[in-house]
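Sequence lines, in order, name chains A and B.
For the first sequence, the working numbering begins at -1 and goes up steadily by one.
For the second sequence, the working numbering begins at 6 and goes up steadily by one.
Glycine residues also receive a C-beta, built at the ideal position from the N, C-alpha and C atoms.
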Amino acid sequence: MKEFKVTPIRNGTVIDHIDCGQALNVLRVLGINEHNVDSTVSVLMHVASKKTGWKDVVKVEDRELDKQTVDKIALISPKATIDIIRDFNVAEKYKVMLSERVVELVRCGNPNCITNKSEPVRPEFDVEARDPPLLRCVYCDRVLDEISENLI
Amino acid sequence: MNFKDMDVVSIRDFSRAQIEEILERSRAMLPYANGEKVTRALEGKILGNLFFEPSTRTRLSFESAANRLGAKVIDVSQTSTTSIIKGETLADTIRMVEAYSDVIVLRHPHEGAARLAAHFSRKPVINAGDGAGSHPTQTLLDLFTIQEELGAIEGMNVIILGDLKYGRTAHSLAEALTVFGAELTFVAPETLQMPKDTVEQVRRLGGNPRITDDIEGEISSADVLYITRIQQERFPDPAEYQKVAGAYRVDKAMLREAKKELIVMHPLPRIDEISPEVDETHHAKYFKQAFNGIPVRMALLTSVLGVDI
Ligand SMILES: Nc1ncnc2c1ncn2[C@@H]1O[C@H](COP(=O)(O)OP(=O)(O)OP(=O)(O)O)[C@@H](O)[C@H]1O
Ligand SMILES: [Mg+2]
Ligand SMILES: [Zn+2]
Chain A
-1 MKEFKVTPIR NGTVIDHIDC GQALNVLRVL GINEHNVDST VSVLMHVASK
49 KTGWKDVVKV EDRELDKQTV DKIALISPKA TIDIIRDFNV AEKYKVMLSE
99 RVVELVRCGN PNCITNKSEP VRPEFDVEAR DPPLLRCVYC DRVLDEISEN
149 LI
Chain B
6 MNFKDMDVVS IRDFSRAQIE EILERSRAML PYANGEKVTR ALEGKILGNL
56 FFEPSTRTRL SFESAANRLG AKVIDVSQTS TTSIIKGETL ADTIRMVEAY
106 SDVIVLRHPH EGAARLAAHF SRKPVINAGD GAGSHPTQTL LDLFTIQEEL
156 GAIEGMNVII LGDLKYGRTA HSLAEALTVF GAELTFVAPE TLQMPKDTVE
206 QVRRLGGNPR ITDDIEGEIS SADVLYITRI QQERFPDPAE YQKVAGAYRV
256 DKAMLREAKK ELIVMHPLPR IDEISPEVDE THHAKYFKQA FNGIPVRMAL
306 LTSVLGVDI
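In structure tokens form, the structure reads like this:
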């Protein structure tokens, strides 16, 4: 029998190996706040990890994540693992992985960028590196400095 | 090599081989650019000049290039300024200009405007400067000038001096020169040095730029001294501006130690970064550089319209 620090979930998703300090941003990406969920959400901050020193973990019951959401997590925690739990067991496991283009996940941080000027375009970035993520705006060519502050 | 319908948005969109081809075509344009020979290669074509910011030089230089090729120019700048006030998006303005012309030249105050225009237009778009973003035709004419004056770009020691932080031309020039294998030295007061982003990009491209605030020690080994404007607006304190501007002002005394072949370049307009006494030295190439905007833009116009000359 495994030892759990928090209540095990029957079905849901564990987001593991989150960069230390990013758990609350992950909750934000998941759109979770105290009013809008009826199932268990556990947040572990600063727990020891066998691989990377310290990590955060978020566990959400009765929820599986779409691609958009997983990509946003990859932006703030490129080492994160997604574990899909079914009937108390890890049924699937994969690492988050950004594609080469990031479309409509983050806003450009350059206030003078044409994508911030009410034009009919979606913010789009080339992924030049994944860990840590280096995003270059397809329009203004600038590197996005504060990714988590610009998440859509 | 085929450039038909290609947009000219950023110098980064071009490979070294493509740039070399454009420079070669620019050289072939020289006799047409100075009026020695006449061509009507673009007869029947219409260039739409769309300037949301005043830039007489760049606008006229495109106009002159088009006229030398027998194309007509429509200046939609007035019209668009009016409709912008009414709140029309750039995307819509572009779709209008696209219907009236065969190639669009855009100058806009917002970074990324040219990429957006290219996205909405099926006709080729040439970026004539977007905010603090790129100005690829300037970079091409700078490369052309070095190539023409020194016979090569590779291996040349190039000093880029002045406002490297905000200077629109300095960033793309540094990257392009690195791709061509030039050795770079960035000279600026610390507050106006090249942004980290650009320095890193130069390193990724294989360059190893020297970064200093002292021009004196650098002059003697330079092949090119490229000066950009230091803008007074960047300094909260006018006295501080005077001090910096004075320290980097290029005059004959500063050039005493220079190699005979050194060329001095400036994108113009200059305020007082270069003393007029330098104009009469054989180092001064900035007026030649301004002229080079014509053959380079002629080469681009014919290339993106797929017309041979
Ligand atoms: N039923 C469950 N309820 C809550 N959390 C669970 C459940 N099952 C597994 N987990 C958590 O999911 C994560 C992945 O579990 P797993 O058994 O694959 O661990 P692991 O072998 O350490 O994985 P990894 O190699 O990805 O670190 C762990 O953080 C574990 O605590
Ligand atoms: Mg583990
Ligand atoms: Zn941008």
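Check, Outcome
"When Cβ atoms are compared, which residues of the segment 105 to 116 of chain B fall closer than 7 Å to chain A?", "His115, Glu116"
"According to DSSP, which residues form a beta bridge with B/Met259?", "Paired residue(s): none; B/Met259 is not in a bridge."
"Measure the alpha-carbon distance for B/Ile158 versus B/Met6 and round it to whole angstroms.", "21 Å"
"For B/Asn297, report the span of its alpha helix (DSSP H) as first-last.", "291 to 309"
"Can we count A/Val56 as close to ligand 1, meaning its CB is less than 7 Å from some heavy atom?", "no"
"Would you list the residues whose beta-carbon is nearer than 6 Å to any heavy atom of ligand 3, in the order they occur in the chain?", "A/Cys106, A/Asn108, A/Cys111, A/Thr113, A/Cys135, A/Tyr137, A/Cys138, A/Arg140, B/Gly117"
"Does any C-beta atom of chain A lie closer than 8 Å to the C-beta of B/Gly138?", "yes"
"Please determine whether the Cβ atom of B/Asp12 lies at a distance below 7 Å from any heavy atom of ligand 2.", "no"
"Quick check: is any heavy atom of ligand 2 less than 7 Å from the C-beta of A/Asp14?", "yes"
"For the segment 116 to 131 of chain B, enumerate the residues whose C-beta is nearer than 8 Å to any C-beta of chain A, in chain order.", "Glu116, Gly117, Ala118, Arg120, Leu121, His124"
"Within 8 Å of any Cβ in chain B, is that where the Cβ of A/Lys115 sits?", "yes"
"Which class does B/Met101 belong to by DSSP, given the choice of helix, strand or coil?", "helix"
"Keeping to the same chain, check which residues put their C-beta closer than 8 Å to that of A/Val119; ignore five residues upstream and five downstream.", "Ile112, Thr113, Tyr137"
"Determine the direct distance from the alpha carbon of B/Leu145 to that of B/Arg254, and round the result to whole angstroms.", "25 Å"
"Specify whether the segment 200 to 216 of chain B and the segment 233 to 251 of chain B touch according to this definition: at least 3 beta carbon pairs, one from each stretch, less than 8 Å apart.", "no"
"Decide yes or no for the touch test of the segment 192 to 209 of chain B against the segment 132 to 139 of chain B: beta carbon pairs closer than 8 Å, at least 3 of them.", "no"
"Hey, is A/Ile16's beta-carbon within less than 8 Å of any beta-carbon in chain B?", "no"
"Starting from B/Tyr231 and walking both ways along the beta strand (DSSP E), at which residues does that stretch end?", "229 to 232"
"Run through chain A and tell me which residues come within less than 8 Å of B/Ala96, C-beta to C-beta.", "Glu117, Pro118, Val119"
"Counting only Cβ pairs nearer than 7 Å, list the residues of chain A close to B/Asp390.", "Limits of chain B in this structure are 6 at one end and 314 at the other, which puts residue 390 of chain B out of reach."
"Counting contacts by CB-CB distance shorter than 8 Å, is B/Ser82 in contact with chain A?", "no"
"For the alpha helix (DSSP H) that B/Arg275 lies in, which residues bound it at each end?", "Counting along the chain, B/Arg275 falls outside any alpha helix (DSSP H), and DSSP gives it neither H nor E."
"Among B/Tyr37, B/Glu188, B/Gln143, B/Lys77, which one has its Cα closest to the Cα of B/Val163?", "B/Glu188"
"Runs of 3 residues minimum, wholly inside the segment 109 to 146 of chain A: which ones carry the beta strand (DSSP E) assignment?", "122 to 128, 131 to 135"
"Give a yes or no on whether the minimum CB-CB distance between A/Val100 and chain B is below 8 Å.", "no"
"Of all Cβ atoms in chain A, is any one closer than 8 Å to the Cβ of B/Ser69?", "no"
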